[in-house]
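One structure is given below, encoded as structure tokens.
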Amino acid sequence: MLFSRHLSKKFGPYLAVLERYLEELNSRYGNIFKELGEIAAKDELLEKLRNDMKNVGKSKETIAKDAAGFIDWKYQISLQIDSLVKDNVVLRFEHNPVSTRDRLKQTKEKLVSLLKIHRKPDSKKKDDFEMGDPNERLTILETTVSALTSTVGELVKQLRITNLAKASTSVKWRGHSKIKRVMKVDDDEKVLVFDDSSAAESDEE
């Protein structure tokens, strides 16, 4: 008891100073620990944002691939539709009983004959043309000529389509011609020889 009292009297002021110092350290480091906790929470938030950005980049790449696949699919579909249209034109041309060139020629002849009648009417049909009003006859002739002109335009368009169909058919026949591949062995050396005689003959024709 006496020894403890002696120590307390001797080191009492030092102990009080030490207690104050420890309290100040606790207050300081307590604030530091709080700041460190806030920094850790912010780091977690930043890491989450980084992961979200990576996921967005991956989804963007996936969407780009899907878009490229869709564009390729659309191109293939358009090629198939063009092929079907050409085949349809070829079939219509093959099953058409009347020749397009003959129809075009007949229409041109009718148009020329009507123009000749309009300039110099025939004596047999003179009465029919002179019975009506000149303006009415002119209107009838203009209507007929307009109809025939539109018919000629349609026939020219059809003729172009048939020519395109013929060209497409010839290209298809060239494409369907088989290319013979012959293997020749000479001194243990293999040589590929392509026989394009059918394509050459079609080109010469």
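In terms of full-length UniProt numbering, the sequence shown opens at residue 1 and continues consecutively.
Glycine is no exception: its CB is placed at the ideal position from the N, C-alpha and C atoms.
Keep in mind that this is a model prediction, so the values were computed, not measured.
For my contact list, residue i and residue j are in at a C-beta cut-off of 8 Å; report their separation, rounded to the angstrom.
{"i": "residue 235", "j": "valine 56", "result": "Residue 235 is absent from the model: the chain starts at 1 and stops at 205."}
Just verifying my parser: in three-state terms, what is the DSSP assignment at residue i?
{"i": "glutamate 19", "result": "helix"}
{"i": "threonine 162", "result": "helix"}
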